[in-house]
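For reference, the structure is listed below as structure tokens.
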Amino acid sequence: MGNHDQGRLSPLFRRRRGQVRAALTEEEGELLKGIVREYLELLEADREPGDPVTARLFPSASMDDPTLEADFRELADDDLLSHKRQTAMRVLEYLDAGDRRPLTEEEQEAWLVLLTDLRLAMGVRLGVTDETFDSFPNPSDPAQWPLAVLHYLGSLQESLVTALDA
Numbered sequence: 044m045g046n047h048d049q050g051r052l053s054p055l056f057r058r059r060r061g062q063v064r065a066a067l068t069e070e071e072g073e074l075l076k077g078i079v080r081e082y083l084e085l086l087e088a089d090r091e092p093g094d095p096v097t098a099r100l101f102p103s104a105s106m107d108d109p110t111l112e113a114d115f116r117e118l119a120d121d122d123l124l125s126h127k128r129q130t131a132m133r134v135l136e137y138l139d140a141g142d143r144r145p146l147t148e149e150e151q152e153a154w155l156v157l158l159t160d161l162r163l164a165m166g167v168r169l170g171v172t173d174e175t176f177d178s179f180p181n182p183s184d185p186a187q188w189p190l191a192v193l194h195y196l197g198s199l200q201e202s203l204v205t206a207l208d209a
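Each residue of the sequence shown is one higher than the last, beginning at 44 in the numbering used here.
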């Protein structure tokens with residue numbers, strides 16, 4: 044999984060002949076499908092007021108004006124939720140297909156947006172700080188596994204950005 048463990052040195056995304064493709068192992072694909080499904084469950088669950096993950100994924104329009112915040116939620120919440128759901132579904136469909144075809148522009152954008160959201164949600168849930176994120180965890184230690192997955196998602200996102208910039 045990722046560039047940091049088990050000797051994997053190859054990029055997770057590659058650009059060849061102007062096309063970006065995922066270069067994931069079957070294990071990585073299954074891991075990602077599970078994470079995306081959990082994210083979709085999070086999106087479908089009732090949002091609890093004060094939940095830090097929800098607050099990070101659905102940021103406030105105004106911390107000082109409850110009326111403005113309520114108006115913003117009424118206007119934008121359903122669209123934002125729908126966009127997040129569609130983005131996750133687009134990536135999940137790509138992973139479920141299991142093919143090595145190039146990513147479309149829409150899929151590239153979906154991967155970038157979803158990876159950002161996944162990293163934000165996991166980072167908040169794990170209480171990650173600069174200090175706790177500095178050293179790479181040992182993925183064979185079950186206690187460090189969630190942080191190792193967070194690092195993996197960062198490697199995945201970095202690999203995609205590098206492939207898109209190539």
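Heads up, the beta-carbon is just placed ideally off N, CA and C, and yes, glycines get one too.
Note that this is a predicted model, so its numbers are computed, not measured.
- Among Asp139, Leu124 and Val171, which has the Cα closest to the Cα of Glu87? Leu124
**Alpha-carbon to alpha-carbon, Gln129 and Pro92** = 24 angstroms
Using only the alpha-carbon positions, how far apart do Gln151 and Pro189 sit? 25 angstroms
**Asked** Hey, would you say Val96 sits closer than 8 angstroms to Val167, going by beta carbons?
**Response** yes
Helix, strand or coil for Leu190, going by three-state DSSP, please let me know. helix
Straight-line Cα distance separating Glu112 from Met106
7 angstroms
* Asked: Apart from the five residues on each side of it in sequence, which residues of its chain come closer than 7 angstroms, Cβ to Cβ, to Ala104?
  -> Leu111, Glu112 and Phe115
Practice problem: Mark Ser183 as exposed unless 16 or more other C-beta atoms lie within 10 angstroms of its C-beta, in which case mark it buried. | Solution: exposed
**Asked** Among Glu136, Asp160, Leu85 and Arg57, which residue has its Cα nearest to the Cα of Leu196?
**Response** Asp160
| said: Spatial neighbours of Val156 within its chain, please: C-beta separation below 7 angstroms, excluding the five flanking residues on both sides. | reply: Thr130
query = Considering only C-alpha positions, which residue in the set Val63, Glu174, Leu135 and Phe179 is nearest to Glu71?
reply = Leu135
| field | Reduced DSSP category for Ala209 - H, G, I as helix; E, B as strand; rest coil | value | coil
Just the Cα atoms here: how many angstroms apart are Pro185 and Leu118? 42 angstroms
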